[in-house]
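Here the sequence shown is numbered in full-length UniProt numbering, starting from 1 and rising by one per residue.
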Amino acid sequence: MNRELSSLVCFKKEDAKSYARNNQSLNVPTFACPREIFKNRLTKFYTIKTQNETHVQFDCLLNFHLKSGSYLSRCVNGTWSGEEPICEVDYYKDRIRLSSMIIILCLFVSLLFLGSDFCMFMKK
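Shown next as structure tokens:
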């Protein structure tokens with residue numbers, strides 16, 4: 001059963017069992033991790049999907065790629081495993097587009113000058 005990320009709570013294994021006994025209607029998982037998976041990032045360029053209570057999957061946003069970290073994280077004894085994914089913008093796509101436009105523009109201008117020189121040569 002998939003749970004929303006907002007339903008994940010931070011407990012160590014032994015605390016979760018105790019909490020579940022006292023609040024039986026809440027159906028708390030044996031292992032639970034904090035809703036805030038990684039805290040120290042101000043800007044995030046990824047989305048998070050919960051696979052179940054103990055696994056989450058990160059996906060970089062459109063036009064971003066994974067620079068470091070992992071796409072998957074597991075809840076182990078109340079903490080998330082692995083490093084936070086760092087998604088970096090795909091600058092090379094913009095560079096390729098820009099360089100292609102510059103090359104085409106240079107060819108067009110060159111052909112324009114060559115054509116005007118040819119016309120002037122033919123008029124003489």
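For every residue, glycine included, the Cβ atom is placed at its ideal position computed from N, Cα and C.
Straight-line gap, residue 71 to residue 54 (C-alpha atoms, nearest Å): Residue mapping note: residue 71 aligns to position 71 of the sequence shown, counting from 1. Residue mapping note: residue 54 aligns to position 54 of the sequence shown, counting from 1. The alpha-carbon atoms of residue 71 and residue 54 are separated by roughly 14 angstroms.
Spatial distance of residue 102 from residue 112 (CA atoms): By 1-based counting over the sequence shown, the position of residue 102 is 102. By 1-based counting over the sequence shown, the position of residue 112 is 112. Whole-angstrom Cα-Cα distance: 15 angstroms.
Minimum C-alpha distance to residue 83 - residue among 58, 104, 123: Position 83 of the sequence shown, counted from the first residue, corresponds to residue 83. Comparing Cα-Cα distances from residue 83 to each of 58, 104, 123, the minimum goes to 58.
Residue 67 - DSSP class collapsed to helix/strand/coil: For the purposes of this step, residue 67 is taken as residue 67 along the sequence shown, with counting starting at 1. DSSP places residue 67 in strand when its eight states are reduced to three.
Residue 89 to residue 69 span [Cα, whole Å]: One-based indexing of the sequence shown puts residue 89 at position 89. One-based indexing of the sequence shown puts residue 69 at position 69. About 15 angstroms.
Residue 87 vs residue 108 beta-carbon contact at 9 angstroms: Mapped onto the sequence shown, residue 87 falls at position 87. Mapped onto the sequence shown, residue 108 falls at position 108. Cβ atoms of residue 87 and residue 108: not closer than 9 angstroms.
When 48, 76, 60, 62 are compared against residue 33, the one with the closest alpha-carbon: The residue labelled residue 33 in the question sits at position 33 within the sequence shown. Of 48, 76, 60, 62, the residue nearest in Cα terms is 76.
Through-space distance from residue 85 to residue 67, alpha-carbon basis: The residue labelled residue 67 in the question sits at position 67 within the sequence shown. The residue labelled residue 85 in the question sits at position 85 within the sequence shown. Residue 67 and residue 85: Cα-Cα distance of roughly 7 angstroms.
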